[in-house]
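S.K.: Encoded as structure tokens, here's the structure I'll be asking about.
Numbering (the numbering used here), first residue to last: 259 to 718.
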């Protein structure tokens, strides 16, 4: 089989087993289990907790002792097995710990997949900057296909999404064993200090001002990524609370609407080589941050019809630039600025900052802020119906009240139980302000002169 095709299949399956549940888990959590937002923030933070240490540890092992493709295979098989048990969790606490175990197995495979692809391409004397993006784009396509399968098979809010991901993950683990061997480089002298032998010298990268600043912004921007992954689909789904939008396509096929974001990714990934060579790493990263501002701002004013629908679609389109331009260019930045002895470890550090500390910060802070500042509580039918832009006697409103909120209207107009509704407009606006502040600080503080030859050297 063609080498690039084999890596393409790897990339496709790598993100398929994530996309099958990542965007829709909120619907399972809020819509099926009816658990609260603060606990959901903690569960989504498991990706961050796992990414703080697992990518770095596996990167060190791949640099020193075990073939990268073998570690990759074992981790995916274990990840798939754990996913089969996840939906059977009886309460939020047990769900948290099972998800944490699953993430400990999955999160390091993202950096390992990049490392395997880079190694195989370089060993075949291919141009990484030119050949990797078209391979990586199929990861995004895999994510999209998984989202569509989950939505169209009726598993958007069921345990089926985890079974789909688990089965494919086990298959991916077996497939990985057929890939070209990626043995440890073993470029470190056996008489070197223990810290160097263990690969811990990768942490010395933090001594360099520019690299440390890059990792800091990776963490802060990683928080933004987790916000949109955690809440994007449930934001669209919760338009069902508004009687006039309850039967809209956006509500029923929210996951398909969200998949426009991943379609956009495929286009922007292919554009990365041009943008990197034309504008350089700093400007490409800055474009990403501006795109995050637009992503959140468009969501803030989006509704399922008319111009508001256009804003939702535009938000999904700019997501491609927001996600790809930082993550892919950031990965290539690490590849071009670190010693080849510690590149797998350095990629692990990059993953640790974005999907580790960044994810934990974003998930916990967002979950807390949404519950404390951006959740409206209603005790009367008149106030709730006014907020939902309808009347208290609207039959659809009364049906939604019973089905979605497990509440009813008392004879005096009060609600039988308190109804809580998220204020998505201000949630997304606050996220947009956060991204704008990051963009301004990055433009001022991060100094990096564009050198086209630096980008070209990645293939060597």
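Glycine is no exception: its CB is placed at the ideal position from the N, C-alpha and C atoms.
Let me know the secondary structure DSSP gives residue 716 once reduced to three states.
M.R.: To locate residue 716, count along the chain shown from 1; it is residue 458. At residue 716, the pLDDT of 47 sits below 50, so the modelled position is not reliable; the number obtained from the coordinates is stated separately. Looking at residue 716 - three-state DSSP - the assignment turns out to be helix.
S.K.: Mind checking who residue 677 pairs with in its DSSP beta bridge?
M.R.: Looking up residue 677 in the chain shown gives position 419. For residue 677, which the question treats as bridged, DSSP gives the partners 636.
S.K.: Relative to the C-alpha of residue 585, which candidate in 527, 556, 270 has its C-alpha closest?
M.R.: Position 327 of the chain shown holds residue 585. Checking every option, the nearest Cα to that of residue 585 belongs to 527.
S.K.: Among 503, 334, 632, 546, which has the Cα closest to the Cα of residue 583?
M.R.: Position 325 of the chain shown, counted from the first residue, corresponds to residue 583. For the residues 503, 334, 632, 546, the minimum Cα distance to residue 583 belongs to 546.
S.K.: Going by DSSP, what residue range makes up the alpha helix (DSSP H) through residue 350?
M.R.: Here residue 350 corresponds to residue number 92 of the chain shown, with the count starting at 1. Run containing residue 350: 350-381, per the alpha helix (DSSP H) assignment.
S.K.: Distance check for residue 330 and residue 339, CA to CA, integer angstroms please.
M.R.: Here residue 339 refers to the residue found at position 81 of the chain shown. Here residue 330 refers to the residue found at position 72 of the chain shown. Distance between the alpha carbons of residue 339 and residue 330 is about 15 Å.
S.K.: Tell me the rounded alpha-carbon separation between residue 717 and residue 587.
M.R.: Within the chain shown, residue 717 is the residue found at index 459, counting from 1. Within the chain shown, residue 587 is the residue found at index 329, counting from 1. Reliability of the predicted coordinates at residue 717 is poor, the pLDDT of 44 falling under 50, and the value obtained from them is presented with this limitation in mind. If you take the alpha carbons of residue 717 and residue 587, they lie about 14 Å apart.
S.K.: Go through the segment 463-527 residue by residue and report every complete run of the alpha helix (DSSP H) that reaches 4 residues or more, in order.
M.R.: Taking only runs of at least 4 residues, the alpha helix (DSSP H) segments lying wholly in the segment 463-527 are 467-495, 507-510.
S.K.: What residues match up with residue 667 in a beta bridge as DSSP calls it?
M.R.: The residue given as residue 667 occupies position 409 in the chain shown. Residue 667 is bridged to 673.
S.K.: Give me the Cβ distance between residue 676 and residue 635, rounded to the nearest whole Å; I'm assuming they're in contact under 8 Å.
M.R.: Translated into positions along the chain shown, residue 676 becomes position 418. Translated into positions along the chain shown, residue 635 becomes position 377. So it is a contact: roughly 6 Å between Cβ atoms.
S.K.: In whole angstroms, give me the CA-to-CA distance for residue 275 and residue 668.
M.R.: For the purposes of this step, residue 275 is taken as residue 17 along the chain shown, with counting starting at 1. For the purposes of this step, residue 668 is taken as residue 410 along the chain shown, with counting starting at 1. Computed Cα separation, rounded: 46 Å.
S.K.: List in chain order: all unbroken alpha helix (DSSP H) runs of 4+ residues lying wholly within the segment 592-632.
M.R.: The qualifying runs are 601-609, 616-631.
S.K.: Report the option in 267, 348, 516 whose CA atom is closest to the CA atom of residue 578.
M.R.: Translated into the one-based positions of the chain shown, residue 578 becomes position 320. Looking at the Cα atoms, 516 is the closest of the given residues.
S.K.: Distance check for residue 387 and residue 531, CA to CA, integer angstroms please.
M.R.: Along the chain shown, read from residue 1 onward, the residue named residue 531 stands at position 273. Along the chain shown, read from residue 1 onward, the residue named residue 387 stands at position 129. Each residue's alpha carbon lies about 6 Å from the other.
S.K.: Please list, in chain order, all residues of the same chain as residue 279 whose beta carbon is under 6 Å from its beta carbon, the five residues on each side excluded.
M.R.: Translated into positions along the chain shown, residue 279 becomes position 21. The residues are 419, 420, 423.
S.K.: Buried or exposed, going by whether 16 or more other CB atoms sit within 10 Å of the CB of residue 575?
M.R.: Here residue 575 corresponds to residue number 317 of the chain shown, with the count starting at 1. With 16 or more other Cβ atoms within 10 Å, it is buried.
S.K.: I'd like the list of long-range same chain contacts for residue 481, defined as Cβ closer than 6 Å, with 5 residues on each side in sequence excluded.
M.R.: Walking along the chain shown from the start, residue 481 turns up at place 223. Once the five neighbours on either side are set aside, the close Cβ partners of residue 481 are 616, 619, 620.
S.K.: Pop quiz: residue 697 and residue 483 are said to be a contact at Cβ under 8 Å. What is the actual Cβ separation, rounded to whole angstroms?
M.R.: Position 439 of the chain shown holds residue 697. Position 225 of the chain shown holds residue 483. In fact, because the Cβ distance is near 15 Å, the residues do not count as touching under 8 Å.
S.K.: By DSSP, does residue 577 sit in helix, in strand, or in coil?
M.R.: Taking the first residue of the chain shown as 1, we reach residue 577 at position 319. Helix, per DSSP.
S.K.: Please list, in chain order, all residues of the same chain as residue 319 whose beta carbon is under 7 Å from its beta carbon, the five residues on each side excluded.
M.R.: Counting from 1 along the chain shown, the entry for residue 319 is found at position 61. Excluding sequence neighbours, residue 319 sits near 329.
S.K.: Excluding five sequence neighbours on each side, which residues of the same chain lie with their C-beta closer than 7 Å to the C-beta of residue 703?
M.R.: In the chain shown, the residue the question calls residue 703 occupies position 445. Around residue 703: 471.
S.K.: Do you know offhand how far residue 554's Cα is from residue 499's?
M.R.: Taking the first residue of the chain shown as 1, we reach residue 554 at position 296. Taking the first residue of the chain shown as 1, we reach residue 499 at position 241. Distance between the alpha carbons of residue 554 and residue 499 is about 21 Å.
S.K.: Residue 278 by DSSP, collapsed to three states: which one?
M.R.: On the chain shown, position 20 is the one that residue 278 refers to. Three-state result, residue 278: coil.
S.K.: From residue 610 to residue 468, what distance separates their C-alpha atoms?
M.R.: What you label residue 610 is simply residue 352 of the chain shown in a count that begins at 1. What you label residue 468 is simply residue 210 of the chain shown in a count that begins at 1. Answer to the nearest angstrom: the Cα atoms are 17 Å apart.
S.K.: For the alpha helix (DSSP H) containing residue 392, name the first residue and the last one.
M.R.: Your numbering for residue 392 matches position 134 in the chain shown. Element bounds for residue 392: 386-410.
S.K.: Does residue 405 pass the burial test, meaning 16 or more other C-beta atoms within 10 Å, or should it be called exposed?
M.R.: Position 147 of the chain shown, counting from 1, holds the residue named residue 405. It counts as buried.
S.K.: Please go through the same chain and pick out, in chain order, the residues whose beta-carbon is closer than 6 Å to the beta-carbon of residue 614, but skip the five residues on each side of it.
M.R.: Within the chain shown, numbered from 1, the residue matching residue 614 stands at position 356. Cβ neighbours of residue 614 beyond the five flanking positions: 306, 309, 310.
S.K.: Would you mind reading off the limits of the alpha helix (DSSP H) that contains residue 336?
M.R.: Residue numbering aside, residue 336 sits at position 78 when the chain shown is read from its first letter. From DSSP, the alpha helix (DSSP H) with residue 336 extends over 326-343.
S.K.: Under 8 Å between the Cβ atoms of residue 605 and residue 372?
M.R.: As a first step, residue 605 must be located in the chain shown, where it is residue number 347. As a first step, residue 372 must be located in the chain shown, where it is residue number 114. Yes, these two residues count as a Cβ contact at 8 Å.
S.K.: Which whole-angstrom value is the C-beta distance of residue 341 and residue 369, which I expect to be below 8 Å?
M.R.: Taking the first residue of the chain shown as 1, we reach residue 341 at position 83. Taking the first residue of the chain shown as 1, we reach residue 369 at position 111. Not confirmed; about 20 Å, so no contact.
S.K.: Rounded to a whole number of angstroms, what is the C-alpha to C-alpha distance between residue 485 and residue 624?
M.R.: Here residue 485 corresponds to residue number 227 of the chain shown, with the count starting at 1. Here residue 624 corresponds to residue number 366 of the chain shown, with the count starting at 1. For residue 485 and residue 624, the distance between alpha carbons rounds to 7 Å.
S.K.: For residue 316, which of helix, strand or coil comes out of DSSP?
M.R.: Your numbering for residue 316 matches position 58 in the chain shown. The answer is helix: DSSP assigns residue 316 an H, G or I state.
S.K.: Using alpha carbons as the reference points, say which of 629, 678, 653, 655 lies closest to residue 637.
M.R.: In the chain shown, the residue the question calls residue 637 occupies position 379. Ranking 629, 678, 653, 655 by Cα distance to residue 637 puts 678 first.
S.K.: Taking 6 Å as the limit between beta carbons, can you name the residues of its chain near residue 438, skipping five residues before and five after?
M.R.: The residue labelled residue 438 in the question sits at position 180 within the chain shown. The answer, listed in chain order, is 378.
S.K.: Would residue 390 be called buried (16 or more neighbouring beta carbons within 10 Å of its own) or exposed?
M.R.: Translated into the one-based positions of the chain shown, residue 390 becomes position 132. Burial call: buried.
S.K.: Is residue 303 helix, strand or coil by DSSP?
M.R.: Translated into the one-based positions of the chain shown, residue 303 becomes position 45. Residue state, collapsed to three classes: coil.
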